[in-house]
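Trainee:
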């Protein structure tokens, strides 16, 4: 699995034939052996030669795969839709009209278009992908499975039930270097068992910690779904902030104690489990085997770690309740006392900044009547130019119109207009630390400040100088595994140690230092 490593500078913070079946039926589990294979086991008195012949006879799954490879690139022209519903759909189950529709529909799907179709057609195509037909590289097959899921999940609830395991198995057998987050975001039930443990361990070892809210709920003994606060307005806040708090706590312990969360609780050794592959699907086991051995640490069953996560979630809920003015608190909440001010302050700052951002957005109002008038005036000018200057080039008329419109005042908040006119987009800001132009004019204190700037501070400072901090602060903070308020505090602390003064007041640069900071950044 890939880790996206971002260094956490903790000085930044304070601490199956034509027969149709009812679509309401679920797909039963497929027999572990074919009828032919089972028959051969029951014929104990059969001649050895006959038994050997039976064993050499291809299974239904093998015949399916052979046909799939023969028809891998077959395409039909557009034909009318023909209903098709059967258990374990294969090519043998389709009549000629159904087959024509399938090959037309499949080509549409491969082209990124997803016409309405019966679930059996969808399953048939999934079986092809599972058996390695329709793609060259495993990631191509993985993306095709996810695309099918996205296109038909709303229409067919049963698809959501089966495809979770199928996509997971596909990832495992091909050892794809991806997380299970794509599956979790689409699945109604999330991950369980060894898959959950694999993803939890990946996320807890990531830098910064990458554990989603859904995963935290599965790791917690506390059923937040019974909380009145969560069922009300609190859900949005908890889903957004609690995973960040977990990452913050992990960074705190790593900085202060030299151990990360997962290391502190010593979850134990890996446990070997056998996972049955592609259950209830038409799958040729000669490809990847009938089972897959999964080695996973059973972190989701670790009592002490579950208790810790439960208490952490409950503490966050209590602080959010208080900050949101919700009456009543959860009782019996116990966490490390050193974490309390860190979490409380971080949550408070994030809520305040979100509220401020929402206020700014609500204040940006465009006078729609004035815009309509501008449009009418522009049309009038165009008509006059066409009558009076027929020899004028079309491009010239467009330029005149655009100039007239651009010169009209529009009632937009001044600060928003200034932010939109920034010189360079934030994603183009360099995070390296070259010697900036004009640095020869800096005195020793400012040179010390400049030399101590971390990449996170430099990006944040650039956003402040360009006036885009309000819109970019959350993405910057996520990139560097911290929070906006902690970046501001860290820069101010650094400034106090070097130049002896604060450079940021609230979320705004101190006026007298703006020119110096522009020169410093280069």
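Numbering (our numbering), first residue to last: 1035 to 1556.
Using N, Cα and C, we set each Cβ at its ideal position, and we do this for glycine too.
Quick caveat: nothing in here was measured; it's all calculated off a predicted structure.
(1) With residue 1223 and residue 1185 assumed to form a contact (beta carbons below 8 angstroms), what rounded beta-carbon distance in angstroms separates them?
(2) Quick check on the DSSP output: what are the complete alpha helix (DSSP H) runs of length 4 or more inside the segment 1340-1364, in order along the chain?
(3) Looking at the structure shown, is residue 1310 part of a helix, part of a strand, or coil, going by DSSP?
(4) Go ahead and pull the three-state DSSP assignment for residue 1330.
(5) Taking residue 1205 as the reference, which of 1392, 1311 and 1477 has the closest Cα?
(6) State whether the segment 1125-1140 contacts the segment 1192-1210, with contact taken as three or more CB pairs (one from each stretch) at a distance under 8 angstroms.
(7) List the whole-angstrom C-beta distance separating residue 1199 from residue 1218, where the pair is believed to meet the contact cut-off of C-beta under 8 angstroms.
(8) With 16 as the cutoff for other CB atoms within 10 Å, does residue 1091 come out buried or exposed?
(9) Taking the continuous alpha helix (DSSP H) assigned at residue 1237, which residues delimit it?
(10) To the nearest angstrom, report how far apart residue 1507 and residue 1517 are at their CA atoms.
(11) Please return the same chain residues whose Cβ sits closer than 8 angstroms to the Cβ of residue 1280, not counting the five positions on each side in sequence.
(12) Comparing alpha-carbon positions, which option in 1232, 1300, 1521 and 1150 lies nearest residue 1497?
(13) Can you list, in chain order, the residues of its chain with a C-beta nearer than 6 angstroms to that of residue 1542? Leave out the 5 residues immediately preceding and following it.
(14) Can you find a CB in chain D that lies within less than 7 angstroms of the CB of residue 1134?
(15) Is it true that the segment 1518-1538 meets the segment 1478-1489, where meeting means three or more beta-carbon pairs spaced less than 8 angstroms apart?
(16) Mind checking who residue 1543 pairs with in its DSSP beta bridge?
(17) Report the three-state DSSP secondary structure of residue 1469 (helix, strand or coil).
(18) Distance check for residue 1298 and residue 1292, CA to CA, integer angstroms please.
(19) Residue 1269: which of 1511, 1175 and 1360 sits nearest, CA to CA?
(20) Which of the three DSSP states, helix, strand or coil, is assigned to residue 1516?
(21) If residue 1316 and residue 1169 are in contact, beta carbons under 8 angstroms, what's the gap, nearest whole angstrom?
(22) Starting from residue 1271 and walking both ways along the alpha helix (DSSP H), at which residues does that stretch end?
(23) For residue 1385, which residues in the same chain have their Cβ closer than 6 angstroms to its Cβ, ignoring the five residues on either side in sequence?
(24) Just curious, the alpha helix (DSSP H) that residue 1174 is in, first and last residue?
(25) Which partner residues does residue 1325 have in the DSSP bridge list?
(26) Measuring straight from C-alpha to C-alpha, what distance separates residue 1510 and residue 1210?
(27) Please list the terminal residues of the continuous alpha helix (DSSP H) segment that includes residue 1194.
(28) In or out: residue 1305 buried (at least 16 other Cβ within 10 Å) or exposed?
(29) Rank 1227, 1240 and 1260 by C-alpha distance to the C-alpha of residue 1288 and give the top, closest one.
(30) In three-state DSSP terms, what is residue 1167?
(31) Using CA coordinates, which residue listed in 1267, 1114, 1129 and 1113 is at the minimum distance from residue 1120?
(32) Just the Cα atoms here: how many angstroms apart are residue 1335 and residue 1238?
(33) Between the beta-carbon of residue 1167 and the beta-carbon of residue 1141, is there less than 7 angstroms?
(34) Between which two residues does the alpha helix (DSSP H) containing residue 1139 stretch?
(35) Please check the pair residue 1380 and residue 1282, which I expect to be a contact at CB under 8 angstroms, by giving their CB distance rounded to whole angstroms.
(36) Would residue 1138 pass as a contact of residue 1113 if the rule is Cβ separation under 7 angstroms?
Mentor: Quick answer:
(1) Position 189 of the chain shown, counted from the first residue, corresponds to residue 1223. Position 151 of the chain shown, counted from the first residue, corresponds to residue 1185. At roughly 20 angstroms, the Cβ-Cβ gap does not stay under 8 angstroms, so residue 1223 and residue 1185 are not in contact.
(2) none
(3) Numbered from 1 along the chain shown, position 276 holds the residue referred to as residue 1310. If DSSP states are grouped into helix, strand and coil, residue 1310 belongs with the strands.
(4) The residue labelled residue 1330 in the question sits at position 296 within the chain shown. In the structure shown, residue 1330 sits in a strand (DSSP, three-state: E or B).
(5) Translated into positions along the chain shown, residue 1205 becomes position 171. It is 1311.
(6) no
(7) The count along the chain shown starts at 1 and reaches residue 1199 at position 165. The count along the chain shown starts at 1 and reaches residue 1218 at position 184. Their Cβ separation, rounded to whole angstroms, is 13 angstroms, which puts residue 1199 and residue 1218 out of contact at 8 angstroms.
(8) For the purposes of this step, residue 1091 is taken as residue 57 along the chain shown, with counting starting at 1. By the 10 Å Cβ count, residue 1091 comes out exposed.
(9) Position 203 of the chain shown, counted from the start, is the residue given in the question as residue 1237. Start and end: 1227-1239.
(10) Taking the first residue of the chain shown as position 1, residue 1507 is located at position 473. Taking the first residue of the chain shown as position 1, residue 1517 is located at position 483. Rounded to the nearest angstrom, the two C-alpha atoms are 8 angstroms apart.
(11) Taking the first residue of the chain shown as 1, we reach residue 1280 at position 246. If we look at residue 1280 and ignore the five residues flanking it on each side, its Cβ neighbours are 1243, 1245, 1250, 1295, 1343 and 1346.
(12) On the chain shown, residue 1497 is found 463 positions in, with the first residue counted as 1. Minimum Cα distance to residue 1497 is reached at 1521.
(13) Reading the chain shown from its first residue, position 508 is the one you call residue 1542. In the same chain as residue 1542, and ignoring 5 residues on each side of it, no C-beta atom comes closer than 6 angstroms to its own.
(14) Protein chains in the displayed structure number just one, and chain D is not present.
(15) yes
(16) Taking the chain shown and counting its residues from 1, the one referred to as residue 1543 is at position 509. BP columns for residue 1543 point to 1538.
(17) The count along the chain shown starts at 1 and reaches residue 1469 at position 435. Residue confidence is low: residue 1469 scores 45 on pLDDT, short of 50, so the model does not pin down where it sits. Its coordinate-derived value is still stated next. Coil.
(18) The count along the chain shown starts at 1 and reaches residue 1292 at position 258. The count along the chain shown starts at 1 and reaches residue 1298 at position 264. The alpha-carbon atoms of residue 1292 and residue 1298 are separated by roughly 10 angstroms.
(19) Position 235 of the chain shown holds residue 1269. Considering only alpha carbons, the answer is 1360.
(20) Taking the chain shown and counting its residues from 1, one reaches residue 1516 at position 482. Residue state, collapsed to three classes: coil.
(21) Position 282 of the chain shown, counting from 1, holds the residue named residue 1316. Position 135 of the chain shown, counting from 1, holds the residue named residue 1169. No, residue 1316 and residue 1169 are not in contact; Cβ-Cβ is about 17 angstroms, not under 8 angstroms.
(22) By 1-based counting over the chain shown, the position of residue 1271 is 237. From DSSP, the alpha helix (DSSP H) with residue 1271 extends over 1269-1291.
(23) Taking the chain shown and counting its residues from 1, the one referred to as residue 1385 is at position 351. Answer for residue 1385: 1357, listed in chain order.
(24) As a first step, residue 1174 must be located in the chain shown, where it is residue number 140. Where residue 1174 is concerned, the enclosing alpha helix (DSSP H) stretches over 1172-1186.
(25) As a first step, residue 1325 must be located in the chain shown, where it is residue number 291. Its beta-bridge partners are 1310.
(26) As a first step, residue 1510 must be located in the chain shown, where it is residue number 476. As a first step, residue 1210 must be located in the chain shown, where it is residue number 176. A straight line joining the alpha-carbon of residue 1510 with that of residue 1210 spans about 29 angstroms.
(27) Taking the first residue of the chain shown as position 1, residue 1194 is located at position 160. Taken as a continuous stretch (DSSP letters only), the alpha helix (DSSP H) holding residue 1194 covers 1191-1207.
(28) Locating residue 1305 in the chain shown gives position 271, where the first residue counts as 1. Answer is exposed; the Cβ neighbour count stays below 16.
(29) Within the chain shown, residue 1288 is the residue found at index 254, counting from 1. The option with the nearest alpha carbon to residue 1288 is 1240.
(30) What you label residue 1167 is simply residue 133 of the chain shown in a count that begins at 1. The answer is coil: DSSP assigns residue 1167 none of H, G, I, E or B.
(31) Looking up residue 1120 in the chain shown gives position 86. Minimum Cα distance to residue 1120 is reached at 1129.
(32) Reading the chain shown from its first residue, position 301 is the one you call residue 1335. Reading the chain shown from its first residue, position 204 is the one you call residue 1238. Each residue's CA atom was taken as its position, placing residue 1335 and residue 1238 some 15 angstroms apart.
(33) Along the chain shown, one-based indexing puts residue 1167 at 133. Along the chain shown, one-based indexing puts residue 1141 at 107. Not closer than 7 angstroms, so no.
(34) Residue numbering aside, residue 1139 sits at position 105 when the chain shown is read from its first letter. Here the alpha helix (DSSP H) through residue 1139 covers 1130-1144.
(35) By 1-based counting over the chain shown, the position of residue 1380 is 346. By 1-based counting over the chain shown, the position of residue 1282 is 248. The Cβ separation is near 6 angstroms, so the contact holds.
(36) Translated into the one-based positions of the chain shown, residue 1138 becomes position 104. Translated into the one-based positions of the chain shown, residue 1113 becomes position 79. Closer than 7 angstroms, so yes.
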